[in-house]
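This report concerns only the one structure given below.
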Amino acid sequence: MPYLSEIQHRRVIEPNGNEVGKLADIAVVPQGQFPAAQWAILSTPSGEKVVRWDDLAQEIGHFRLRNRLETTPDAQLPAEALRLARDLLDKQIVDTHGAKVVRVNDLQLSDVDGQLRLVGADVGLRGLLRRVGAESVAERVVGLAGRQLPRGIIPWHLVEPLESKNDAPAKTAAVRLTIPHAKLALLHPADIADIVEEMTADERIAVFQQLDIETAAEALQEVEPEMQAAIVSDLPEERAADILEEMDPDEAADLLQDLPEERRDELVELMEKEEAKDVEELLAHSEDSAGGIMTTDVVALPRGLTAAQAIDELRVKKPDPQLTYYLYVVDGEGKLEGVLSLRDLVVAPPETKVSEIMDPHVLKVAAETPKEDVAALIAKYDLLALPVVDARGRLRGTVTVDDVVELMLPRGWKKRSGRAIAR
Amino acid sequence: MTVALRSVPLRVRRQLRTFLLVLGPGLVTAFADNDAGGITTYSLAGAQFGFGLMWVLLVTAIALVVTQELGARLALATGQGLAGLIRERFGVRWTAFAVFTMLVANLGTTVAEFAGVAAALGLFGVPRDLSAALSAAIVVLLLARGSFSRIQYAFVAIGAGVSIAYAVSASLAGPDWGRAARALVVPEITWTGAYFLTLVGVVGTTITPWGQALIQSYVADKGLGPRDLVPVRIDVALGSGLFTNLVAAFIIVACAVTIWANGGTIRDAADAARALGPLVGPSATTLFAIGLFAAALLGLGTVPLSSAYFACEAFGWEAGLHWRWREAPVFYGLLTFFVAAAGLFVVIPGLPLIDVMFLAQVLNGLLLPIILIFVMLLSREPRLGALRSGRVLYPLGWAITGLAAVMSITFVVSQLFAF
């Protein structure tokens with residue numbers, strides 16, 4: 400099992416033993432589970448020369464060309480080829496199993512059916528030590544203590560490369576897009592968000608261009624607020640508007656508030672009417688108030704409805720699960736009159752009016768209420784959601800517990816808790 | 003009508019937020035730049051040589067803007083910190099060298115911050131071991147609770163207050179402003195070892211290895227991209243160019259008028275405090291102590307953290323305060339080592355605190371060219387695209403790096419011959 404660092408810079412000799420240069424790099428096409436080495440890049444006194452990998456034979460301590468250098472044909476690297484040393488070594492990759500960004504210390508190659516294949520990325524201490532030529536020394540020192548140096552190898556099929564083609568800026572964006580982020584899309588949106596935060600601006604945009612709209616929206620909601628704004632500013636407007644539509648209106652409004660005014664107006668303009676209206680309503684409130692964090696997707700049942708009609712209404716609207724904790728009853732002008740639970744509705748006789756089963760003592764807040772106070776109320780009364788009303792008592796939206804949970808937790812918790820989930 | 007009234011302040015606030023979102027890295031770095039070592043070094047410069055080192059400030063102001071802008075460009079184009087870029091471009095061995103250099107310089111700076119706390123609290127009669135333990139505990143607590151990022155603004159505010167105090171104090175002492183202004187432009191060089199040593203210290207406390215790392219990780223963490231170049235530039239120019247060096251100039255002038263003009267010297271913190279005498283009279287000691295304390299704590303919260311990030315970014319280890327100990331052992335290990343080693347060092351009995359603070363800046367100055375060479379080599383990377391340093395910035399950057407290198411080599415060689 401050779402490592403790239405062990406065979407890179409080995410001498411390359413002609414059949415007659417004449418040294419013609421060194422092995423500078425190996426290139427693969429990043430497809431399939433374990434891509435095969437297809438090209439060798441030799442550094443010769445007259446510059447770099449690309450040859451097919453099959454033109455080389457590995458011998459102890461060096462490589463031997465099957466023919467003389469002059470008669471070995473020049474090979475052409477296709478655009479999608481990855482050069483292991485230049486494009487991967489020391490670069491960041493995504494470990495899709497651990498769902499995090501790591502740095503490649505070395506690359507593990509292996510002979511599979513007579514083909515040298517890329518099988519893993521070494522991201523551990525061993526790889527680092529090997530690169531500075533201290534692996535065996537360190538191994539002996541650790542061995543004295545009766546321990547072993549840990550291995551840190553990620554199998555290649557769990558790796559998602561991030562960087563490519565550092566030296567071709569004009570081509571960069573195009574080339575990056577050809578690397579499919581298929582493995583990335585399978586991760587939980589919160590994990591995608593963590594990974595995206597460690598990428599460069601270009602890579603982030605490439606990822607958000609490729610993910611399906613729904614995943615993109617969910618992932619974007621989990622990204623740190625400052626970076627959210629940066630991402631939305633860099634995305635093409637149409638794409639940004641599509642993602643914003645798919646986001647929860649309150650999250651979308653928070654994000655839009657961090658954008659410059661012209662950009663914000665452009666995006667709202669591009670959004671579907673319905674979503675844009677919700678977002679604009681939310682934008683009118685300060686983001687530190689109940690009105691700024693509430694969602695406008697709320698189930699409001701007219702007071703004249705019967706239990707059976709109300710259930711039909713829910714069947715049609717199919718509201719998000721967190722919006723069905725509480726159902727609100729409103730009068731003809733939209734004024735909040737009472738609240739009932741899904742259970743109340745189901746167990747009531749079908750012909751009963753909702754106004755008869757509702758609880759008229761409903762706890763509510765004004766849109767201007769500071770969000771800390773909202774969080775305190777929700778915590779104190781063990782609520783799952785709190786309705787928000789305007790000055791005339793009309794129902795404007797609801798703040799659910801997940802909108803304020805961050806205010807209740809000590810700082811840093813949201814990030815940390817993710818690590819506790821078993822994978 | 004009510005809607006209109008309410009929406010006005012809201013809109014203003016949003017625009018301010020957008021502005022602040024981009025603005026900030028340069029300003030914060032600039033504030034942190036005037037740490038305990040900075041205040042001490044500028045005070046020594048004024049007390050020993052009067053206006054004699056003023057011209058250095060003008061040169062370092064330009065140099066600081068250039069080097070910080072180079073760093074900001076790297077981060078804007080790549081979204082990576084300095085350590086990550088060095089690793090990707092130069093491989094493991096050179097990275098190890100860069101990390102080692104950075105850690106040595108930063109350990110020196112951390113020692114200086116602890117010495118700053120000890121000197122400040124010493125003015126109130128607090129013994130050194132107690133103040134070292136106290137400040138270590140405060141920093142660990144603030145970082146662990148995640149409240150440093152909020153409380154740092156209090157330190158910044160105190161720092162700004164003391165800076166203004168220096169400005170007012172300098173004016174009240176009635177300096178010869180004409181001479182001071184002339185000294186800013188026309189170098190009056192004294193050809194002595196002490197003058198040269200102080201010069202290295204002034205350069206080393208203004209343009210620092212950790213400042214280069216900080217500006218870059220700050221810009222990268224904010225997720226800023228190439229389109230933010232203009233506001234970042236303004237930010238860097240204001241923060242680094244104007245603010246850092248303006249404060250430095252006022253400290254030097256204040257010390258020149260109050261201490262140097264009267265033939266005094268600075269042997270301990272109480273001497274340095276006399277520069278604030280014209281403003282607050284006998285309370286100068288207290289004011290100086292508060293300022294030095296805040297500056298030192300700001301540095302203590304910044305430098306060990308940025309060192310641990312730097313090393314971990316270079317080698318791909320988990321870094322950040324949201325990890326648990328077990329998940330990021332190297333990060334927390336380094337952080338602990340910095341605080342413990344530097345804290346213990348200051349406890350050595352009879353350690354001349356002022357000298358320690360000053361010599362740490364000299365160490366920074368000597369190691370600076372190594373980091374600058376890395377920055378310069380990176381600044382022409384093709385991957386920077388349009389942000390590659392161009393016809394003005396590139397030669398200017400190399401000129402600055404060259405000057406810093408000449409300064410360092412001359413210093414080391416002259417020390418070797420002195421022995």
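Order-wise, the sequence lines are chains A and B.
First residue of the first sequence: 400, per my numbering; consecutive thereafter.
First residue of the second sequence: 3, per my numbering; consecutive thereafter.
For each residue, glycine too, the CB sits at the ideal point set by N, CA and C.
All values reported here derive from a predicted model rather than from experimental measurement.
A check of alpha carbon separations from residue 403(B) across 123(B), 377(B) and 389(B) identifies 377(B) as the nearest. Under the Cβ criterion (8 Å, minimum of three pairs), the region 297 to 314 of chain B counts as touching the region 98 to 116 of chain B.
Setting aside the 5 residues that flank it on each side, residue 121(B) is surrounded in the same chain by 271 and 355, each with a C-beta closer than 6 Å to its C-beta; the list follows chain order.
A straight-line Cα-Cα distance of about 33 Å links residue 789(A) and residue 152(B). In the DSSP annotation of this structure, the continuous segment of the beta strand (DSSP E) that includes residue 438(A) starts and ends at 438 to 443. Two segments are said to touch when three or more pairs of C-beta atoms, one from each, lie closer than 8 Å; by this definition the region 270 to 286 of chain B touches the region 250 to 260 of chain B.
With respect to chain B, the C-beta atom of residue 583(A) has no partner C-beta closer than 8 Å. Within the region 62 to 83 of chain B, the residues whose Cβ lies closer than 9 Å to some Cβ of chain A are 78, 79, 80, 81 and 82, listed in chain order. With distances taken between CA atoms, residue 495(A) lies nearest to 588(A) out of 540(A), 714(A), 760(A) and 588(A).
Nearest to residue 772(A) by C-alpha distance, out of 747(A), 800(A) and 794(A), is 800(A). Secondary structure note for residue 725(A): it is in no alpha helix (DSSP H), and the uninterrupted beta strand (DSSP E) holding it is 725 to 729. Counting only Cβ-Cβ distances below 9 Å, residue 546(A) has no contacts in chain B at all, with the closest Cβ about 15 Å away.
Within the region 656 to 722 of chain A, complete beta strand (DSSP E) segments of at least 3 residues are found at 699 to 701, given in chain order. Rounded to the nearest whole angstrom, the C-alpha separation of residue 599(A) and residue 523(A) is 23 Å. Under the DSSP definition of a beta bridge, residue 797(A) partners with 694(A) and 786(A). Where residue 740(A) is concerned, the enclosing beta strand (DSSP E) starts and stops at 735 to 740. Residue contact check for residue 633(A) against chain B: a CB pair falls below 8 Å. Residue 54(B) and residue 405(B) have their C-alpha atoms some 19 Å from each other. Of the residues assessed, residue 417(A) falls on the exposed side of the cut-off, its CB having fewer than 16 other CB atoms within 10 angstroms.
Here residue 677(A) is buried: its Cβ has 16 or more other Cβ atoms, across all protein chains shown, within 10 Å. In terms of Cβ geometry, residue 75(B) and residue 391(B) form a close pair [threshold 8 Å].
Cβ-Cβ distances below 7 Å link residue 138(B) to 341 and 345 in the same chain, with the five nearest sequence neighbours on each side left out; the list follows chain order. The DSSP-derived three-state label of residue 510(A) is strand. The alpha carbon of residue 699(A) has as its nearest neighbour, out of 742(A), 653(A), 754(A) and 681(A), the alpha carbon of 754(A).
Exclusion of the five residues before and after residue 334(B) leaves 327 as the residues of its chain whose Cβ lies within less than 6 Å of its Cβ. Residues of chain A whose Cβ lies closer than 9 Å to the Cβ of residue 339(B) do not exist, since the nearest Cβ in that chain is about 18 Å away. Here the C-alpha atom of residue 196(B) lies approximately 42 Å from the C-alpha atom of residue 386(B). Think of a sphere of 7 Å around the beta carbon of residue 629(A): the chain B residues whose beta carbon falls inside it are 225, 226 and 227, in chain order. The beta carbons of residue 628(A) and residue 666(A) sit no closer together than 8 Å. Excluding its 5 nearest sequence neighbours in each direction, residue 366(B) has C-beta neighbours in its own chain below 7 Å: 107, 110, 111, 206, 207, 210 and 211, listed in chain order. Listed along chain B, the residues sitting closer than 7 Å to residue 531(A) by beta-carbon distance are 94, 95 and 98.
As summarised for the region 509 to 544 of chain A, the continuous beta strand (DSSP E) elements at least 3 residues long and confined to that stretch are 514 to 521, given in chain order.
Excluding sequence positions up to five before and after residue 305(B), its CB lies within less than 6 Å of the CB of 108, 111, 112 and 212, all in the same chain and listed in chain order.
Not one beta carbon of chain B lies nearer than 8 Å to the beta carbon of residue 486(A). Sorting 295(B), 264(B) and 268(B) by C-alpha distance to the C-alpha of residue 177(B) places 264(B) at the top.
When DSSP states are grouped into helix, strand and coil, residue 479(A) belongs to the coil group.
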